[in-house]
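Colleague: First, the structure itself, so that you have it in front of you.
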Amino acid sequence: MLLPYLGGVDALLLLVIAIVLDACVGDSPWLARLLPTPATLVARLTARLDRRLNRIDRSDAARRARGALVSLCLLLGALALGLVLAFAFREVRWGAVPELLLLARALSIRSAWTGMGQTLKALESGGVEAGREAVAPLTDRQTWSLDIHGVLRAAIEGGMLRLACGLAAPLFWYAVLGLPGLLGWAAIDGMAQVIGHDVPRFRQFGGMARQLRRLAGWPPMLLATLALLLAGLFVPGCKALGGWRELATARRHPWGPLALPVAAAAGALDLAMAGPRREGEQVVKEPWLGRGRARATSRDLRAAMALYGVAGLLLVGLTVSAGLIAAGLGL
Numbered sequence: 006m007l008l009p010y011l012g013g014v015d016a017l018l019l020l021v022i023a024i025v026l027d028a029c030v031g032d033s034p035w036l037a038r039l040l041p042t043p044a045t046l047v048a049r050l051t052a053r054l055d056r057r058l059n060r061i062d063r064s065d066a067a068r069r070a071r072g073a074l075v076s077l078c079l080l081l082g083a084l085a086l087g088l089v090l091a092f093a094f095r096e097v098r099w100g101a102v103p104e105l106l107l108l109a110r111a112l113s114i115r116s117a118w119t120g121m122g123q124t125l126k127a128l129e130s131g132g133v134e135a136g137r138e139a140v141a142p143l144t145d146r147q148t149w150s151l152d153i154h155g156v157l158r159a160a161i162e163g164g165m166l167r168l169a170c171g172l173a174a175p176l177f178w179y180a181v182l183g184l185p186g187l188l189g190w191a192a193i194d195g196m197a198q199v200i201g202h203d204v205p206r207f208r209q210f211g212g213m214a215r216q217l218r219r220l221a222g223w224p225p226m227l228l229a230t231l232a233l234l235l236a237g238l239f240v241p242g243c244k245a246l247g248g249w250r251e252l253a254t255a256r257r258h259p260w261g262p263l264a265l266p267v268a269a270a271a272g273a274l275d276l277a278m279a280g281p282r283r284e285g286e287q288v289v290k291e292p293w294l295g296r297g298r299a300r301a302t303s304r305d306l307r308a309a310m311a312l313y314g315v316a317g318l319l320l321v322g323l324t325v326s327a328g329l330i331a332a333g334l335g336l
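Each residue of the sequence shown is one higher than the last, beginning at 6 in this note's numbering.
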């Protein structure tokens, strides 16, 4: 039985309303202050635990064990909380209201779209410096080192990753496991945002967080990739078959399953994304995703925004269709 559809069409209606709410006001600053996303709350807690437990004077084994314990405890806690809330919301009269708010805050549709649009506007009106500032929320790259093409690539990469991690993954895990799955993914995503980077400080402490994201990320990343490949058929200027060809560049990439949607978008846009980046004074030589142009343009970002929008609609349509089928079959 699919947990979110215990309430049948009513639960599916909640999901649709949550998607509409996030698409309309999901990027509002006042909403972020009033109701932080579950992933944001986990990220804050993870950062605090990292400062306390991930000390450089500890051995690698100790830091690895501490990081694994933190990651597993946060994940299990999120799953348990989701299970408790799922049953509690079904028992109280107005339980649909807090569940709707939780669903809407766990999704991230509007923020990535807004971030890409703000980056484009900043580049056109204020130049590279303004673009670097605008793209910062979308990427973990050191923006000071990016030229105009790097800023545009970072915006596109960030948008595709948000599509996968902020829309496809919450939808998938909510459809499979209900609120426990939704909060479980939020915990994994929040931890990975802080300690999931493969850099010296987090290489040991964040090992378990990276593994959890790889394992939990495969199914939704495949769904996001499929949505992007199909979206390429409907977006003018995109190479529909290019995305399929460039998936080969995601094999054995350090990003794991996260490389798939980026490679699909790179192929559709005829770009090369990811690639070498700066971490402090060091240059990390990561493989490129896609074999197209590294010199992205504003036109590419506009096409990426269209690709993002169409792929998002396809993901939502797939989820609604699956929910209606499940409700109709009594699953």
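Virtual Cβ for every residue (Gly too), placed ideally from N, Cα, C.
#1: Should E96 be labelled buried (16 or more other beta-carbon atoms within 10 Å of its own) or exposed?
#2: Among the residues of its own chain, which have a CB less than 8 Å from the CB of A141, if the five just before and after it don't count?
#3: In this structure, how does DSSP classify V204 when only helix, strand and coil are distinguished?
#4: Looking only at its chain, what residues have a beta carbon closer than 6 Å to the beta carbon of D194, apart from the 5 residues adjacent to it on each side?
#5: Within 10 Å of its beta-carbon, does G87 have 16 or more other beta-carbons around it, so buried, or fewer, so exposed?
#6: Please determine, among G248, A245, P224, V288, the residue with the shortest C-alpha to C-alpha distance to L320.
#7: Please state the DSSP three-state secondary structure of A16.
#8: Pull up the CB-CB distance for I161 and A309, whole angstroms please, since I reckon it's below 8 Å.
#9: If you draw a straight line from the alpha carbon of L322 to that of L227, how long is it in whole angstroms?
#10: Just to confirm the assignment: which complete alpha helix (DSSP H) runs, minimum length 4, are found wholly within the region 92-144?
#11: Look up W293 in the DSSP assignment and give the residues it is bridged to.
#12: Apart from the five residues just before and just after A93, which ones in its own chain have a Cβ nearer than 8 Å to its Cβ?
#13: Which same chain residues, not among the five before or five after V47, have their C-beta less than 8 Å away from its C-beta?
#14: Taking C-alpha atoms, which residue in V289, A214, G261, L329 lies nearest to R69?
#15: Do G261 and D275 have their C-beta atoms within less than 9 Å of each other?
#16: If you run the structure through DSSP and keep just helix, strand and coil, what is V21?
#17: Using 8 Å as the threshold, is the region 104-120 in touch with the region 29-41, meaning 3 or more CB pairs across them?
#18: Using the beta-carbon count (16 or more within 10 Å), is G155 buried or exposed?
#19: Looking only at its own chain, which residues have a Cβ that is under 7 Å from the Cβ of I22, when we skip the five neighbours before and after it?
#20: Given this structure, state the Cα-to-Cα distance separating L168 from L184, to the nearest angstrom.
#21: Here's the rule I'm using: 16 or more other beta-carbon atoms within 10 Å means buried, otherwise exposed. How should G131 be labelled?
#22: Just confirm the distance between the C-beta atoms of L312 and A236, as a whole number of angstroms; I'd bet it's less than 8 Å.
#23: What span of residues does the alpha helix (DSSP H) with Q209 cover, start to end?
#24: Tell me which same chain residues have a C-beta within less than 6 Å of the C-beta of T230, skipping the five on either side of it?
#25: Please classify I330 as buried or exposed, where buried requires at least 16 neighbouring CB atoms within 10 angstroms.
#26: Checking contacts by CB at 9 Å: is G272 closer than that to chain C?
#27: Is the Cβ-Cβ distance between G211 and G72 less than 9 Å?
#28: For L128, I'd like the list of residues in its chain whose CB is within less than 6 Å of its CB, leaving aside the five on either flank, ordered along the chain.
#29: Look at the Cβ atom of L263, then the Cβ atom of R208, and state whether they are nearer than 9 Å.
#30: By Cβ distance, which residues of its chain are closer than 6 Å to A109, with the 5 residues on each side in sequence left out?
#31: What did DSSP end up calling R219 once you bin it into helix, strand or coil?
Modeller: Taking the coordinates as given:
#1: Counting from 1 along the sequence shown, the entry for residue 96 is found at position 91. It is exposed - the Cβ of E96 has fewer than 16 other Cβ atoms within 10 Å.
#2: Translated into positions along the sequence shown, residue 141 becomes position 136. Result list for A141: T148, in chain order.
#3: Along the sequence shown, one-based indexing puts residue 204 at 199. Correct three-state label for V204: coil.
#4: One-based indexing of the sequence shown puts residue 194 at position 189. Once the five neighbours on either side are set aside, the close Cβ partners of D194 are A44, C170.
#5: In the sequence shown, the residue the question calls residue 87 occupies position 82. By the 10 Å Cβ count, G87 comes out buried.
#6: Within the sequence shown, numbered from 1, the residue matching residue 320 stands at position 315. When only C-alpha atoms are compared, the closest one is P224.
#7: For the purposes of this step, residue 16 is identified with residue 11 of the sequence shown, where counting begins at 1. Of the three classes helix, strand and coil, the one that applies to A16 here is helix, per DSSP.
#8: Sequence index remark: in the sequence shown, residue 161 carries index 156 (1-based). Sequence index remark: in the sequence shown, residue 309 carries index 304 (1-based). So it is a contact: roughly 4 Å between Cβ atoms.
#9: Along the sequence shown, read from residue 1 onward, the residue named residue 322 stands at position 317. Along the sequence shown, read from residue 1 onward, the residue named residue 227 stands at position 222. One point to set straight first is that residue 322 is Gly, not Leu, in the sequence displayed. Whole-angstrom Cα-Cα distance: 16 Å.
#10: 101-111, 115-140
#11: Translated into the one-based positions of the sequence shown, residue 293 becomes position 288. Per DSSP, A279.
#12: For this step, residue 93 is matched to residue 88 along the sequence shown. Excluding sequence neighbours, A93 sits near G100.
#13: Counting from 1 along the sequence shown, the entry for residue 47 is found at position 42. So the list reads L79, A83, A191, A192, D194, G195, M196, once near-sequence residues are dropped.
#14: On the sequence shown, position 64 is the one that residue 69 refers to. Closest by alpha carbon: A214.
#15: Indexing the sequence shown from 1 puts residue 261 at position 256. Indexing the sequence shown from 1 puts residue 275 at position 270. No, the pair does not count as a contact, with Cβ atoms beyond the cut-off.
#16: Start at 1 with the first residue of the sequence shown, and residue 21 comes out as number 16. Reduced to three states, the DSSP call for V21 is helix.
#17: yes
#18: Taking the sequence shown and counting its residues from 1, the one referred to as residue 155 is at position 150. The residue is buried, with at least 16 neighbouring Cβ atoms inside 10 Å.
#19: Residue 22 sits at position 17 when you count from the first residue of the sequence shown. Excluding sequence neighbours, I22 sits near L105.
#20: As a first step, residue 168 is located in the sequence shown; it is residue number 163 there, counting from the start. As a first step, residue 184 is located in the sequence shown; it is residue number 179 there, counting from the start. In a straight line, the C-alpha of L168 is about 20 Å away from that of L184.
#21: Along the sequence shown, one-based indexing puts residue 131 at 126. By the neighbour-count rule (16 or more Cβ atoms within 10 Å), G131 is not buried but exposed.
#22: Translated into positions along the sequence shown, residue 312 becomes position 307. Translated into positions along the sequence shown, residue 236 becomes position 231. Confirmed, Cβ separation roughly 5 Å.
#23: Taking the sequence shown and counting its residues from 1, the one referred to as residue 209 is at position 204. First-last for Q209: undefined, no H or E at that position.
#24: Position 225 of the sequence shown, counted from the first residue, corresponds to residue 230. Counting only Cβ-Cβ distances below 6 Å, and skipping sequence neighbours, we find L265, P266, A269.
#25: Your numbering for residue 330 matches position 325 in the sequence shown. With fewer than 16 other Cβ atoms within 10 Å, it is exposed.
#26: Note that chain C does not occur in the displayed structure, where there is just one protein chain.
#27: Walking along the sequence shown from the start, residue 211 turns up at place 206. Walking along the sequence shown from the start, residue 72 turns up at place 67. Closer than 9 Å, so yes.
#28: Along the sequence shown, one-based indexing puts residue 128 at 123. For L128, where only same-chain residues beyond five positions count, the Cβ hits under 6 Å are G136.
#29: By one-based count along the sequence shown, residue 263 stands at place 258. By one-based count along the sequence shown, residue 208 stands at place 203. Result no, Cβ atoms of L263 and R208 do not sit closer than 9 Å.
#30: The residue labelled residue 109 in the question sits at position 104 within the sequence shown. Contacts found: A23, L26, D27.
#31: Within the sequence shown, the letter at position 214 stands for residue 219. R219 falls in the helix class under three-state DSSP.
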